[in-house]
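J.: Just dropping this structure here.
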Amino acid sequence: MIATNVHHGTSYMIGTPPPVRTVELRPGAEASFELSYGDVQGPDTPCVTATSIQITPPGDTGFVVVSVPGHYVRSFQPCGDLILTAVYAGTGRASS
């Protein structure tokens, strides 16, 4: 487990996030969210590589585990703040 502080909304990397709304998907369809994170903890304390993320939906106490895509695993080293947008239908960037 990596200690992080989760925030919902914008950051200099995300821009304007998609609006919060209920997302309904047909079987086989995909949903996405955008994620920005700090990767500097301190000079003698490197961040740890993460291979998955636990996501808890708003108003829920349970979570789902989402694997980090293979080509990102080596560089996904979050520590400190984690900023994410609402989930949106489809793939690609939703923010402007």
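Residues in the sequence shown are numbered consecutively from 20, following the numbering used here.
Glycine included, every Cβ here is placed at the ideal spot set by N, Cα and C.
Which residues bound the beta strand (DSSP E) around Val-83?
T.: 83–86
J.: Under a three-way DSSP split, which group does Gly-89 fall into?
T.: helix
J.: Would the beta-carbon of Gln-96 fall within 7 Å of that of Val-84?
T.: no
J.: Might you give, ordered along the chain, the residues of its own chain that have their beta carbon closer than 7 Å to the beta carbon of Phe-82, omitting 5 neighbours on each side?
T.: Gln-73, Ile-74, Thr-75
J.: On the three-pair Cβ rule with 8 Å, is the region 58–72 touching the region 39–46?
T.: no
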